[in-house]
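So the protein sequences, as listed, match chains L and W.
The numbers in UniProt numbering rise by one with no breaks, and the one at position 160 of the first sequence is 160.
The numbers in UniProt numbering rise by one with no breaks, and the one at position 165 of the second sequence is 165.
In this text, a Cβ means the ideal position worked out from N, Cα and C, and glycines have one as well.
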Amino acid sequence: MSRGRLSRISIATATAAALLSTAACGLGGSGSDNDVKQPEKSGKVSGEISFRTLQLKPTFTAYVQGVIDAFEKKYPDVKVKWEDVPGDGYNEKLVADAQAGALPDVVNLNTDSFQLLADRGMLADVAKLDPAVQKDYVPGAWDQYKLNGKQGVFAYPWYVTPEILTYNKDLFAKSGLDVDKPPTTVEQFFDYAERITEKSGGKYAVFMADPKSRLPGDWQKMGVPVLNAEKDAFTFDTPKAVEWIERMKELYAKGAMPKESLTKSDDTSQLYGADKLVFGPGSPGFIRDVKANAPKVYAKTQVAKAVTGVLGHIGIYTQSLGVRKDTKSPDAAAEFAKWVTNGPNQVAFSKEVAIYPSNAKGLADPYFSDKGDGKDPETLARALGAEELKEAQLDANTPVEWTNQIGDAVVREMQKAIKGEVDAKTALTKAQDEANKILAQQAEQKQK
Amino acid sequence: MAQIAGTERGAAAGTRDAGRAAGPPRARRARRPKKETGQEPGLVHRRWWTPYLFLLPGLALVVLFSLWPFVNTVILSLTDAQILRGGGFVGFDNYVRALQDDTFWLALVNSVVYTVVVVPCLVFLPLALAVLVQKKIPGIGFFRSAFYTPVIASAVVVGLMWQWILRSDGLVNTVFQKLSLISEPVPFLTDSTMLLVSAMIVTVWKGLGYYMVFYLAALGNVPTSLYEAAAIDGAGPVRRFFSITVPTVKPMMLLVGTLSAISALRVFTEIYILGGESGGPGGDSRTLPFLIRQVGLGFAGETGYAAAISILLFLLTLVFSVLGHRLSKGDEN
Chain L
1 MSRGRLSRIS IATATAAALL STAACGLGGS GSDNDVKQPE KSGKVSGEIS
51 FRTLQLKPTF TAYVQGVIDA FEKKYPDVKV KWEDVPGDGY NEKLVADAQA
101 GALPDVVNLN TDSFQLLADR GMLADVAKLD PAVQKDYVPG AWDQYKLNGK
151 QGVFAYPWYV TPEILTYNKD LFAKSGLDVD KPPTTVEQFF DYAERITEKS
201 GGKYAVFMAD PKSRLPGDWQ KMGVPVLNAE KDAFTFDTPK AVEWIERMKE
251 LYAKGAMPKE SLTKSDDTSQ LYGADKLVFG PGSPGFIRDV KANAPKVYAK
301 TQVAKAVTGV LGHIGIYTQS LGVRKDTKSP DAAAEFAKWV TNGPNQVAFS
351 KEVAIYPSNA KGLADPYFSD KGDGKDPETL ARALGAEELK EAQLDANTPV
401 EWTNQIGDAV VREMQKAIKG EVDAKTALTK AQDEANKILA QQAEQKQK
Chain W
1 MAQIAGTERG AAAGTRDAGR AAGPPRARRA RRPKKETGQE PGLVHRRWWT
51 PYLFLLPGLA LVVLFSLWPF VNTVILSLTD AQILRGGGFV GFDNYVRALQ
101 DDTFWLALVN SVVYTVVVVP CLVFLPLALA VLVQKKIPGI GFFRSAFYTP
151 VIASAVVVGL MWQWILRSDG LVNTVFQKLS LISEPVPFLT DSTMLLVSAM
201 IVTVWKGLGY YMVFYLAALG NVPTSLYEAA AIDGAGPVRR FFSITVPTVK
251 PMMLLVGTLS AISALRVFTE IYILGGESGG PGGDSRTLPF LIRQVGLGFA
301 GETGYAAAIS ILLFLLTLVF SVLGHRLSKG DEN
């Protein structure tokens, strides 16, 4: 191959690769607020409706298909077309479909996608479609689908996973702590962590640093006002938040947390399962994983109600079913969403996997109050989670204003402060300034 | 038939005139497609658009998936578009904002440093490797395959493996501590500079086998007679390497340099896997692609601003590409 030819190929390849690299970064973006009117029910439940779920195939194919079949049997004039989309890129697909006007009639939404679609007027007000339905759901779950400054409720609450506390009671007891008296406040949690670290000799860690998953929850539980009353400015730059940073910094330096957990926490289950972590992830689903994969550690696992601090209750993050605002079959869509989220169907779903119903009748099922002998972690976790859910309130949720961008900006400053590279107060002030700057930008963009 | 073909070849190969006059009849007709010949007009006509017709499927794909997204990115970079909301025209505001943004400069410096360190490694180390495995000795196929394995390994597997190697209680730190070479673990993944260095090591490790194949192809084209002549003249292996191998594969080195520079400027996966979603502690190890993702992702993602940074990254990539081109031009001259 001649050099001239090679250099031509070289420049052509380079230009093409550069072009492609940039093209890959190209992000489509058009669309505007939806002015579609709220659908009116005709009283006739019929028509073909599309239904999209988030990553339920193939594990729950039989369950979901069973629910659909039963609905079609009850309403023979309705045909439900079900599609399941993998979790990776789910929100991006929703965005693309919303832009193309191709949203399904009934769609599974998480907190983020709900906010996005409802805020832009793409979802029907289900409280108007069915005024009597509110009483069916746990109050916290129902309230989650209201929007600031807008009348209505824009999705039917579906399944939910409450926060609980899981810990290795053997490692807990080794430091002289009473396994039946788990921490209930963030400050107490830090005290326990300090004591365990002193006894561990660096052989095991107490918890994962991971500020991304700890904030703003820890601050809310400590009584730090994250936002002002108008929700237009962050106000977390307080002495309490400084105290949080100082404690985290001190514990990090002492080895209470794995060093890498400051930036990543994807190996939490692995560390817990290997007897190298005292507090495991706070989800009931995790208990099942430990039972299946690390039975010896499962036998040492204790569960308790989540640390709630001054709030006294947990937050609530349900999955939900939204109804497309310009659906051609509002009766069938609303009836179907209500059917999927009704008590019996949600309880049946909860028996398949460690999730909980957001439906009040479903949550009252004896399956969720049975504590067994009080020793089996899985049974106990189910009962404790259900108890917590009945009291759950939205003030313990991450505020919707705390977007990914804001969370990332705050977390970056916290990482520096916990490592000791920046003084706690300086980091906190900088984090709040940065968060307020992004919030103002986002508000300005919204108004355009 | 064989005889006729042989005759035609003989005539064409005779003299230049003979070739023109007595060349294959079909070829002659193709050059002068006169209707009056009255022979198979449909087959012999060469319409000007015929080549474009064949190119059309490929061109359509390029336009749809490369050129249009690029043009769209340029347009978006001049707007304040967000996900799900078409933006208004804001001129060069996004570019001005980027140039005034400390994070942009941090990411730019990281990207450039990354490229400047990684490119020489990926130009010279694979060449050395190729020279080593080029020799035809028994079992060398195993080593060639082994060196290529990282290229086909999934990014997730590679990331996990390197995490286990580099974490504070990982393989390297444990071995060094056991040997009493260090008292405290080296913060490979928790210090922003060390994290960048770790990511560079992974990039080089993954790229070695890939570029080694390029060099093996280039080395295959070097005539062995050159080496033999040089050996007879008394040149040793080192002299032969620098006087024969390097000049012969120089065009390939420039190509490898350009390609590795482009991929180094686009580095994202290594930093994401080793340093987490924030781009290392405090986000200090973020590169330009990392920043683009961070700015453009999520429902509050600023598509317009992310597009502007993409264009600036494109320009930077172009600088390195043109530099590579200039170097190869200079080499030709």
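- Query: Which chain W residues are close to L:Gln442, counting only those with a beta carbon under 8 Å from its beta carbon?
  - Reply: Taking the first residue of the first sequence as position 1, residue 442 of chain L is located at position 442. Chain W residues near L:Gln442: Ala300.
- Use the C-beta contact count for L:Leu171: other C-beta atoms within 10 angstroms, 16 or more gives buried, fewer gives exposed. Along the first sequence, one-based indexing puts residue 171 of chain L at 171. Buried.
- Task: Measure the C-alpha to C-alpha separation of L:Gln319 and L:Gly362 and round it to an integer number of angstroms.
- Result: To locate residue 319 of chain L, count along the first sequence from 1; it is residue 319. To locate residue 362 of chain L, count along the first sequence from 1; it is residue 362. Distance between the alpha carbons of L:Gln319 and L:Gly362 is about 15 Å.
- What residues are listed by DSSP as bridge partners for L:Ile49? In the first sequence, counting from the first residue as 1, residue 49 of chain L sits at position 49. Looking at the DSSP assignment, L:Ile49 forms a beta bridge with L:Val80.
- By the criterion of Cβ-Cβ separation under 7 Å, what are the contact partners of W:Gly283 in chain L? Here the question's residue 283 of chain W lines up with position 283 in the second sequence. Residues of chain L passing the Cβ test: Arg412.
- For L:Ala155, does the count of other Cβ atoms within 10 angstroms reach 16, so buried, or fall short, so exposed? In the first sequence, residue 155 of chain L corresponds to position 155, counting from 1. It counts as buried.
- When the cut-off is 8 Å and only beta carbons count, does L:Leu260 lie next to chain W? On the first sequence, position 260 is the one that residue 260 of chain L refers to. Contrary to the premise, residue 260 of chain L reads as Glu rather than Leu in this sequence. Using a CB distance cut-off of 8 Å, L:Glu260 counts as an interface residue toward chain W.
- DSSP bridge partner residues for L:Asn168 (one or two, in chain order): Counted from its first residue, the first sequence places residue 168 of chain L at position 168. Its beta-bridge partners are L:Thr301.
- Confirm, please, whether the CB-CB distance from L:Ile49 to L:Asp105 is below 8 Å. Along the first sequence, one-based indexing puts residue 105 of chain L at 105. Along the first sequence, one-based indexing puts residue 49 of chain L at 49. At a Cβ-Cβ threshold of 8 Å, L:Asp105 and L:Ile49 count as neighbours.
- Opposite L:Tyr137 in the DSSP bridges: which residues? Locating residue 137 of chain L in the first sequence gives position 137, counting from the first residue. Answer by DSSP bridge pairing, in chain order: L:Asn359.
- Message: Using only CA atoms, which one of L:Tyr298, L:Ser261, L:Glu83, L:Thr263 lies nearest to L:Ala274?
- Response: Taking the first sequence and counting its residues from 1, one reaches residue 274 of chain L at position 274. Closest by C-alpha distance to L:Ala274, out of L:Tyr298, L:Ser261, L:Glu83, L:Thr263, is L:Tyr298.
- Message: According to DSSP, L:Tyr156 sits in a beta bridge with which residue or residues?
- Response: Counting from one through the first sequence, the residue named residue 156 of chain L turns up at place 156. Paired residue(s): L:Leu321.
- How many angstroms separate the CA atom of L:Leu428 from the CA atom of W:Ala81? Within the first sequence, the letter at position 428 stands for residue 428 of chain L. Within the second sequence, the letter at position 81 stands for residue 81 of chain W. So the two alpha carbons sit approximately 30 Å from each other.
- Item | Spatially closest choice to residue 453 of chain L from L:Phe60, L:Lys79, L:Gln55, by CA coordinates | Absent from the structure is residue 453 of chain L, since the part of chain L shown begins at 1 and ends at 448.
- Please name the residue, chosen from W:Ala300, W:Leu315, W:Ser183, that lies closest to L:Trp402 on a Cα-to-Cα basis. Here the question's residue 402 of chain L lines up with position 402 in the first sequence. Ranking W:Ala300, W:Leu315, W:Ser183 by Cα distance to L:Trp402 puts W:Ala300 first.
- Task: Run down chain L in chain order and give the residues with a C-beta less than 8 Å from the C-beta of W:Thr190.
- Result: In the second sequence, residue 190 of chain W corresponds to position 190, counting from 1. Residues of chain L whose Cβ lies closer than 8 Å to the Cβ of W:Thr190 are, in chain order, Lys259, Glu260, Leu262, Thr263, Lys419.
- Task: Check each residue of the stretch 149-179 of chain W: if its Cβ is closer than 8 Å to any Cβ of chain L, include it; give the result in chain order.
- Result: Gln163, Arg167, Ser168, Asp169
- Backbone CA spacing between L:Ala141 and L:Asp178 [nearest angstrom]: Here the question's residue 141 of chain L lines up with position 141 in the first sequence. Here the question's residue 178 of chain L lines up with position 178 in the first sequence. If you take the alpha carbons of L:Ala141 and L:Asp178, they lie about 34 Å apart.
- How many angstroms separate the CA atom of L:Pro377 from the CA atom of L:Ala173? Position 377 of the first sequence, counted from the first residue, corresponds to residue 377 of chain L. Position 173 of the first sequence, counted from the first residue, corresponds to residue 173 of chain L. So the alpha carbons of these two residues sit roughly 17 Å apart.
- Message: Within 10 Å of its beta-carbon, does W:Pro25 have 16 or more other beta-carbons around it, so buried, or fewer, so exposed?
- Response: As a position in the second sequence, residue 25 of chain W is number 25, starting the count at 1. In this prediction, W:Pro25 scores a pLDDT of 43, lower than 50, which makes its location untrustworthy; no coordinate-derived value is stated.
- Message: I want to see whether chain W comes within less than 8 Å of L:Ser30, judged by CB atoms only; does it?
- Response: Here residue 30 of chain L is taken as the residue at index 30 of the first sequence, counted from 1. For L:Ser30, the predicted structure reports a pLDDT of 39, less than 50, and the residue's modelled location is therefore unreliable. A value from the coordinates is still provided. Yes, L:Ser30 lies at the interface with chain W (some Cβ there is under 8 Å from its Cβ).
- Message: Here's the rule: buried if 16 or more other CB atoms are within 10 angstroms of the residue's CB, otherwise exposed. What is W:Tyr52?
- Response: Here residue 52 of chain W corresponds to residue number 52 of the second sequence, with the count starting at 1. With fewer than 16 Cβ atoms within 10 Å of its Cβ, W:Tyr52 is classed as exposed.
- Determine the chain L residues that contact W:Tyr275 at a beta-carbon separation under 7 Å, and present them in chain order. Translated into the one-based positions of the second sequence, residue 275 of chain W becomes position 275. Correcting the residue identity first, residue 275 of chain W is Gly in this sequence and not Tyr. Here the neighbours are Thr263.
- With burial defined as no fewer than 16 other Cβ atoms inside 10 Å of the residue's Cβ, what is the status of W:Arg167: buried or exposed? In the second sequence, residue 167 of chain W corresponds to position 167, counting from 1. By the neighbour-count rule (16 or more Cβ atoms within 10 Å), W:Arg167 is buried.
- Item | Proximity test, Cβ basis, 8 Å: W:Ser278 and chain L | Taking the second sequence and counting its residues from 1, one reaches residue 278 of chain W at position 278. Closer than 8 Å to some Cβ of chain L, the Cβ of W:Ser278 qualifies, so yes.
- Message: Is there a Cβ of chain L sitting closer than 8 Å to that of W:Ile244, yes or no?
- Response: As a working mapping, residue 244 of chain W is identified with position 244 in the second sequence. No, W:Ile244 does not count as interfacial toward chain L.
- At least 3 beta-carbon pairs within less than 8 Å: the stretch 54-72 of chain W vs the stretch 270-290 of chain W: With a cut-off of 8 Å, the stretch 270-290 of chain W and the stretch 54-72 of chain W do not count as touching, because too few Cβ pairs lie within range.
- Task: Take residue 451 of chain L as the anchor and find which of L:Pro366, L:Val85, L:Leu384 has the nearest alpha-carbon.
- Result: Absent from the model: residue 451 of chain L. The displayed extent of chain L is 1 to 448, so no value can be given.
- Item | C-alpha gap between W:Val119 and W:Gln163, whole angstroms | In the second sequence, residue 119 of chain W corresponds to position 119, counting from 1. In the second sequence, residue 163 of chain W corresponds to position 163, counting from 1. Computed Cα separation, rounded: 23 Å.
- Item | For W:Ala217, the three-state DSSP class (helix, strand or coil) | On the second sequence, position 217 is the one that residue 217 of chain W refers to. Looking at W:Ala217 - three-state DSSP - the assignment turns out to be helix.
- Residues near L:Tyr159 in its chain [Cβ-Cβ closer than 8 Å; skip 5 each side]: To locate residue 159 of chain L, count along the first sequence from 1; it is residue 159. Excluding positions up to five away in sequence, the list reads Thr318, Gln319, Gln346, Phe349, Ser350, Ile355, Tyr356, Pro357, Ser358.
- Item | Under the three-state DSSP convention, the category W:Trp266 falls into | Within the second sequence, the letter at position 266 stands for residue 266 of chain W. A small correction: the amino acid at residue 266 of chain W is Arg; Trp does not occupy that position in the sequence shown. W:Arg266: coil per DSSP, three-state reduction.
- Message: Between which residues of its own chain and L:Ala233 is the CB-CB distance below 6 Å, once the five residues before and five after are set aside?
- Response: The sequence position of residue 233 of chain L within the first sequence is 233, counting from 1. Excluding sequence neighbours, L:Ala233 sits near Asn436.
- Message: Short of 7 Å in beta carbon distance, which residues of its chain neighbour W:Ala107, apart from the five on each side in sequence? Order them along the chain.
- Response: As a working mapping, residue 107 of chain W is identified with position 107 in the second sequence. Non-local C-beta neighbours of W:Ala107 in its own chain, meaning closer than 7 Å and more than five positions away in sequence, comprise Arg286, Thr287, Leu288, Phe290, Leu291, ordered along the chain.
- Query: Under three-state DSSP, which class holds L:Glu435?
  - Reply: One-based indexing of the first sequence puts residue 435 of chain L at position 435. The sequence as given places Ala at residue 435 of chain L; Glu does not occur at that position. Looking at L:Ala435 - three-state DSSP - the assignment turns out to be helix.
- Message: Can you give me the C-alpha to C-alpha distance between L:Glu434 and W:Phe147, rounded to a whole angstrom?
- Response: Stepping through the first sequence from its first residue, residue 434 of chain L is reached at position 434. Stepping through the second sequence from its first residue, residue 147 of chain W is reached at position 147. About 46 Å.
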